[in-house]
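These protein sequence lines map, in sequence, to chains A and B. The numbering of the first sequence is full-length UniProt numbering, which starts it at 1 and goes up by one. The numbering of the second sequence is full-length UniProt numbering, which starts it at 1 and goes up by one. A virtual CB, placed ideally from N, CA and C, is assigned to each residue, including glycine. Owing to the predicted nature of the structure, the values given are computational and were not obtained by experimental measurement. Data first, discussion second: the structure below is written as structure tokens.
There are 2 protein chains.
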Amino acid sequence: MTPPDVAVTDVADPLAEAAPTMELLLRELDRRWPPEAERLHRISRYALLPAGKLLRPLLLMESAEAVGGGGPAVVPAALSVEYLHVGSLVHDDVIDGDAMRRGRPSVVARYGTADAIVTGDALMLGMFGVLTDGAEEAGGLPPGRVLAAVRVFARAGVDLCRGQAMEGELRGDLGCGLDRYLTMSSLKTGALFRAACRGGAILGGGTPAQQHALTAYAEHLGLAFQMHDDLLPYTSDPRTTGKSALSDIVAARPTFPVLLCHAMAGARGRARLEAALGGALPAADALRTVHELLETTGALDAARDQATAQAGRATSCLAELPRSRATAVLAAVADLSVSRDR
Amino acid sequence: MTPPDVAVTDVADPLAEAAPTMELLLRELDRRWPPEAERLHRISRYALLPAGKLLRPLLLMESAEAVGGGGPAVVPAALSVEYLHVGSLVHDDVIDGDAMRRGRPSVVARYGTADAIVTGDALMLGMFGVLTDGAEEAGGLPPGRVLAAVRVFARAGVDLCRGQAMEGELRGDLGCGLDRYLTMSSLKTGALFRAACRGGAILGGGTPAQQHALTAYAEHLGLAFQMHDDLLPYTSDPRTTGKSALSDIVAARPTFPVLLCHAMAGARGRARLEAALGGALPAADALRTVHELLETTGALDAARDQATAQAGRATSCLAELPRSRATAVLAAVADLSVSRDR
Numbered sequence: 001m002t003p004p005d006v007a008v009t010d011v012a013d014p015l016a017e018a019a020p021t022m023e024l025l026l027r028e029l030d031r032r033w034p035p036e037a038e039r040l041h042r043i044s045r046y047a048l049l050p051a052g053k054l055l056r057p058l059l060l061m062e063s064a065e066a067v068g069g070g071g072p073a074v075v076p077a078a079l080s081v082e083y084l085h086v087g088s089l090v091h092d093d094v095i096d097g098d099a100m101r102r103g104r105p106s107v108v109a110r111y112g113t114a115d116a117i118v119t120g121d122a123l124m125l126g127m128f129g130v131l132t133d134g135a136e137e138a139g140g141l142p143p144g145r146v147l148a149a150v151r152v153f154a155r156a157g158v159d160l161c162r163g164q165a166m167e168g169e170l171r172g173d174l175g176c177g178l179d180r181y182l183t184m185s186s187l188k189t190g191a192l193f194r195a196a197c198r199g200g201a202i203l204g205g206g207t208p209a210q211q212h213a214l215t216a217y218a219e220h221l222g223l224a225f226q227m228h229d230d231l232l233p234y235t236s237d238p239r240t241t242g243k244s245a246l247s248d249i250v251a252a253r254p255t256f257p258v259l260l261c262h263a264m265a266g267a268r269g270r271a272r273l274e275a276a277l278g279g280a281l282p283a284a285d286a287l288r289t290v291h292e293l294l295e296t297t298g299a300l301d302a303a304r305d306q307a308t309a310q311a312g313r314a315t316s317c318l319a320e321l322p323r324s325r326a327t328a329v330l331a332a333v334a335d336l337s338v339s340r341d342r
Numbered sequence: 001m002t003p004p005d006v007a008v009t010d011v012a013d014p015l016a017e018a019a020p021t022m023e024l025l026l027r028e029l030d031r032r033w034p035p036e037a038e039r040l041h042r043i044s045r046y047a048l049l050p051a052g053k054l055l056r057p058l059l060l061m062e063s064a065e066a067v068g069g070g071g072p073a074v075v076p077a078a079l080s081v082e083y084l085h086v087g088s089l090v091h092d093d094v095i096d097g098d099a100m101r102r103g104r105p106s107v108v109a110r111y112g113t114a115d116a117i118v119t120g121d122a123l124m125l126g127m128f129g130v131l132t133d134g135a136e137e138a139g140g141l142p143p144g145r146v147l148a149a150v151r152v153f154a155r156a157g158v159d160l161c162r163g164q165a166m167e168g169e170l171r172g173d174l175g176c177g178l179d180r181y182l183t184m185s186s187l188k189t190g191a192l193f194r195a196a197c198r199g200g201a202i203l204g205g206g207t208p209a210q211q212h213a214l215t216a217y218a219e220h221l222g223l224a225f226q227m228h229d230d231l232l233p234y235t236s237d238p239r240t241t242g243k244s245a246l247s248d249i250v251a252a253r254p255t256f257p258v259l260l261c262h263a264m265a266g267a268r269g270r271a272r273l274e275a276a277l278g279g280a281l282p283a284a285d286a287l288r289t290v291h292e293l294l295e296t297t298g299a300l301d302a303a304r305d306q307a308t309a310q311a312g313r314a315t316s317c318l319a320e321l322p323r324s325r326a327t328a329v330l331a332a333v334a335d336l337s338v339s340r341d342r
């Protein structure tokens, strides 16, 4: 997928342009979480570092810059989104019983349920403290903007929880329909993408129209990202993704390709799909069966196409903003969201 | 314990003076959490209503008024403290496996671990949204004050988590010493008391000296409250407290009277105490043994005396503030903290 011209600058590799931002984020993260004796701090550090993709902090930084207000002043806000994201992953792994995360033992597997719950809480609560740091440190953002960002992140956090609760309700329900899947994804995954971009636009002093454009970009990006994420167990190696390909099967999640397959398959294929996800087979056999059905029905290709279409729509939204290095990076992120292998 | 004159007005029953505040809080809580279809909302309502003692919201409201700035403008902030408190209780019950809370099934017992974790998260994250409402609604507090309150609550939330992690570390450790117990209590229980009072003082426009006085009041109140809480399994009926008297024993918590007993008992008593809390006896027998040791060593009386002393110190801190209905209520709360039976 090529991002439309309007949002792209003439740099050879737009994502490489994000390197200084990523280095700044990594340096700050490491500085703020030194190895330390207190248990909760150590577990938090384990959860945060080595860092993941830092996609949400990057979105916040680049969104702020896209409206003319990035730089060190928004770094605390960018990190705070990562804390919220990582805190929710720590709790996700408790809920799903996932033992692996980013290629190593998850927090719950390594430290147990009690510490995993408390660490997730501390990251989620602490983020609001870090966010308010932005009002004083590093340039001093206007308090009204920071307060608006607090509001955006609090609402996003609640939406994320609503999405997680909804994911629990949909578990095992292959007949839930694509609409409910899209609502769930928009809450569970989209919420933080939207908050990162909208928060960045607010902190960067963007106009309401710019805030709106970046929020719309994030909404489509979130869907593209989740749709592609759902494809990874069938398209990427667990050693690359860092988590078991069986997780979705074991949790009986109605993921995007599975729901498309359910809609596209005949009665016999649907029955096989339901049996595989209903726990009738050992997990590895179930994964093979589902994979085969996704291929034969064309659901895998259809899911890929729709993810790519969402990424394209995300990029189109950037046309509302002045062309810049930042919008090129944001377009490259949309591209990456459907081409990554982890 | 009689509060010192300086903080008391001439009303017959200072706590009765808090009735309009409590009614306002209850009305607002009920209005904001109507019965509703969405699962997460319903579970949140179950966790919040019928309401508990609403002690922390009351502290915030009265602290704001004590510095001349209470009323409807601080109601959102007052409720937000309750959301944080209840969210952490919901997670506590997951961690401890407690099936009862406020005399009925805990959230985890009724809805399961996944929904309990997500509901606790939503309450903790949502609190910051509610808190920022105060900047617009109901009188419109200055954004700088609300932002300062956000910072105070975020830090308190992290301290609360640090206290919970520390409680986990101290589990089963009767030799941990009173200092570590006091640090743990100051974090786990004191953090929200301090945040409620300091937050109220900030939002109410108090001077730094007034903020300091109310924070010191809250610190002593928190210790008094926790010390007295630790006594309840030995002094109050589970039908009154609403939770099992065995909880502390089963979790092998080094509570305040137990630690005093450990320090005051002879070698034989200490060995019996360690056996009882080490899982050597059925829980009900262990409770009886511990209770007997607390009586014979005088630890129960000593714990009661120290709790009362802390409550007295809390009240003394109020002397820094102008005498008012609010300071009388705060003094009465200190009194209540060590006389309540639940």
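Going by alpha carbons, who is nearest to E274 (chain A) out of A:S106, A:I117, A:V107, A:A252? Per the Cα distances, A:A252.
For D301 (chain A), is the classification buried or exposed, using 16 other Cβ atoms within 10 angstroms of its Cβ as the cut-off for buried? exposed
How would you write the range of the alpha helix (DSSP H) that T119 (chain A) sits in, first residue to last? Here the alpha helix (DSSP H) through T119 (chain A) covers 113–133.
For the pair the segment 142–162 of chain A and the segment 93–110 of chain A, tell me if three or more CB-CB distances fall below 8 angstroms. no
In chain A, which residues lie with their C-beta within 7 angstroms of the C-beta of Q164 (chain B)? V118
Cross-chain neighbours of A154 (chain B) in chain A, by beta carbon under 9 angstroms: L125, G126, M127, F128, G129, V130, L131, T132
N-terminal and C-terminal residue of the alpha helix (DSSP H) that E167 (chain A) is part of: 143–170
With a cut-off of 8 angstroms, does the C-beta of C261 (chain A) fall near any C-beta of chain B? no
Can at least three beta-carbon pairs, one atom from the segment 286–304 of chain A and one from the segment 222–236 of chain A, be found at a separation below 8 angstroms? yes
What do you get for S63 (chain B), buried or exposed, if any count of 16 or more other CB atoms within 10 angstroms of its CB means buried? buried
Please state if the CB of V81 (chain B) and the CB of L187 (chain B) are separated by a distance shorter than 8 angstroms. Not closer than 8 angstroms, so no.
Which parts of the segment 226–295 of chain A are runs of the alpha helix (DSSP H), unbroken and 4 residues or longer, counting only runs that do not cross its ends? 238–241, 247–250, 256–264, 267–277
So is D179 (chain B) in contact with chain A if we call contact Cβ pairs under 8 angstroms? So no, D179 (chain B) is outside the interface.
Where does D335 (chain A) land, buried or exposed, given buried means 16+ other C-beta within 10 angstroms? buried
With a threshold of 8 angstroms on Cβ separation, who are the neighbours of D10 (chain A) within its own chain once the five nearest residues in sequence on each side are excluded? With a pLDDT of 49 at D10 (chain A), under the threshold of 50, the predicted position of this residue should be treated as unreliable, and no value is reported.
Reduced DSSP category for R104 (chain A) - H, G, I as helix; E, B as strand; rest coil: strand
Please report the Cβ distance between V74 (chain B) and G134 (chain B), rounded to the nearest whole angstrom; I am assuming they are in contact, meaning their Cβ atoms lie under 8 angstroms. 6 angstroms
Using a C-beta cutoff of 8 angstroms, does P282 (chain A) count as contacting chain B? no
Drop a sphere of 10 angstroms on the beta-carbon of G279 (chain A), count the other beta-carbons inside from all chains shown, and report buried for 16 or more, exposed for fewer. Exposed is the label assigned to G279 (chain A), since fewer than 16 other Cβ atoms lie within 10 Å of its Cβ.
Spatially closest choice to L55 (chain A) from A:H41, A:C176, A:Y83, A:L260, by CA coordinates: A:Y83
Listed by chain order, chain B residues near residue 372 (chain A) by CB distance under 8 angstroms: Any answer about residue 372 (chain A) is impossible in this case: the structure gives chain A only from 1 up to 342.
Proximity below 8 angstroms, CB of V94 (chain B) to CB of T119 (chain B): No, the pair does not count as a contact, with Cβ atoms beyond the cut-off.
What are the boundary residues of the alpha helix (DSSP H) that includes P28 (chain A)? Note that residue 28 (chain A) corresponds to Glu in the displayed sequence, not to Pro. From DSSP, the alpha helix (DSSP H) with E28 (chain A) extends over 19–32.
For the alpha helix (DSSP H) that A334 (chain A) lies in, which residues bound it at each end? 325–337
Out of B:T240, B:A265, B:F153, state which residue places its alpha-carbon closest to the alpha-carbon of T215 (chain B). B:F153
Starting from the beta carbon of D173 (chain A), find every residue of chain B whose beta carbon is closer than 8 angstroms, and list them in chain order. The contacting residues do not exist; D173 (chain A) stays about 14 angstroms from chain B at best.
Flag D121 (chain A) as yes if its beta-carbon sits less than 8 angstroms from any beta-carbon of chain B, otherwise no. yes
Should D98 (chain A) be flagged as near chain B, meaning a C-beta pair shorter than 8 angstroms? Taking Cβ atoms only, chain B never reaches closer than 8 angstroms to D98 (chain A), which makes this a no.
How many angstroms separate the CA atom of L29 (chain A) from the CA atom of S44 (chain A)? 11 angstroms
Considering G87 (chain A), what are the terminal residues of the alpha helix (DSSP H) in which it resides? 75–96
Same chain, Cβ closer than 8 angstroms to R180 (chain B), five either side skipped, listed in chain order: M166, L170
Length at least 4, wholly inside the segment 181–220 of chain A: the alpha helix (DSSP H) runs in chain order: 191–203
Selected residue, minimal CA-CA separation from D173 (chain A), among A:G157, A:L277, A:D229, A:R31: A:L277
Which bits of chain A does R39 (chain B) rub up against, with CB to CB less than 9 angstroms? Simply R162, A165, M166, G168, E169.
Compare the Cα-Cα distances from G222 (chain B) to each of B:S185, B:M100, B:S244 and report the closest residue. Check the Cα spacing between G222 (chain B) and each of B:S185, B:M100, B:S244: the tightest is with B:S185.
Segment limits, alpha helix (DSSP H) that includes A64 (chain B): 55–66
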